[in-house]
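First the structure, in the form of structure tokens, and then the observations on it.
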Amino acid sequence: MVLHDVEGDRIHAIIKRPQLAMYKLMIAEHKIYALRNFLALDNYQTVKTTDHPYLIRFISKTQLREDAKTELSMRVYDFQPFDMMHAQRVVNDKSLIDIIGKVIAKSVVQTHIINGKTERLMELTLTDPEGNRLGCVLWNK
């Protein structure tokens with residue numbers, strides 16, 4: 019999950035499987051929480067959901083308190099224009115980005131064996147208002 023603060027900084031947060039059921043009942047999307055008792059770790063992930071150097075890991079003693087007084091901007095996306103994506107000589111495939119476009123073509127759902135696991139994917143072609151096209155792949159669900 020990706021969390022953000024009042025300045026708009028984003029950080030990846032992880033809840034390990036043993037605590038997942040408990041925190042699923044406590045956390046709602048678009049709510050504001052104060053967090054205590056968590057681990058701050060180097061962002062060791064291969065594929066980064068944010069460019070933050072650290073990540074937050076919830077532990078069994080992590081405490082959440084809803085904060086209805088603080089207001090946050092819901093502008094948490096950093097949309098990248100298609101032409102900028104095309105201008106990059108090398109695209110960083112280890113970092114997620116935000117884009118918005120209209121789907122103009124899609125493939126059928128395909129299955130591939132990757133590292134011994136069956137993975138499903140669908141290829142899409144998106145277009146922006148200027149007519150630039152961008153291919154992307156949706157994985158699994």
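Here the sequence shown stands for residues 19 to 159, where the numbers follow my numbering. Don't be surprised by glycine CBs; every beta carbon is placed ideally from N, CA and C. Model, not experiment: these values are computed from the prediction.
Suppose you measure from the CA of residue 126 to the CA of residue 84; what does that come to, to the nearest Å?
43 Å
Any beta carbon of chain D sitting closer than 7 Å to that of residue 136?
Absent from the structure is chain D; it holds one protein chain and no more.
Count the other CB atoms, across all protein chains shown, that sit within 10 Å of the CB of residue 129; report buried if there are 16 or more and exposed otherwise.
exposed
Since residue 79 contacts residue 55 with CB under 8 Å, what's their CB separation in whole angstroms?
Distance from residue 79 to residue 55 at the Cβ level is roughly 5 Å; contact confirmed, criterion being Cβ atoms closer than 8 Å.
Have a look at residue 71 and residue 122 and give me their C-alpha separation to the nearest angstrom.
36 Å
Give the C-beta separation of residue 116 and residue 97 to the nearest angstrom, bearing in mind that I take them to be a contact with Cβ-Cβ under 8 Å.
So it is a contact: roughly 5 Å between Cβ atoms.
From 145, 107, 89, pick the residue whose C-alpha is nearest to that of residue 23; which is it?
When each option's Cα is compared against that of residue 23, the closest is 89.
Other residues of its chain near residue 140: CB distance less than 8 Å, five sequence neighbours each side excluded
124, 125, 126, 127, 128, 155, 156
Cutoff 6 Å; reference residue 65; Cβ partners in own chain excluding five residues on either side:
112
Going along the chain, which unbroken runs of the alpha helix (DSSP H) with 4 or more residues stay wholly within the region 41-115?
Taken in chain order, the complete alpha helix (DSSP H) segments of 4 residues or longer contained in the region 41-115 are 100-105.
If you draw a straight line from the C-alpha of residue 31 to the C-alpha of residue 148, how long is it?
35 Å
Considering only C-alpha positions, which residue in the set 108, 76, 158 is nearest to residue 42?
76
Going by alpha carbons, who is nearest to residue 95 out of 118, 107, 86?
118
Starting from residue 140, trace the beta strand (DSSP E) both ways and give me its first and last residue.
135-145
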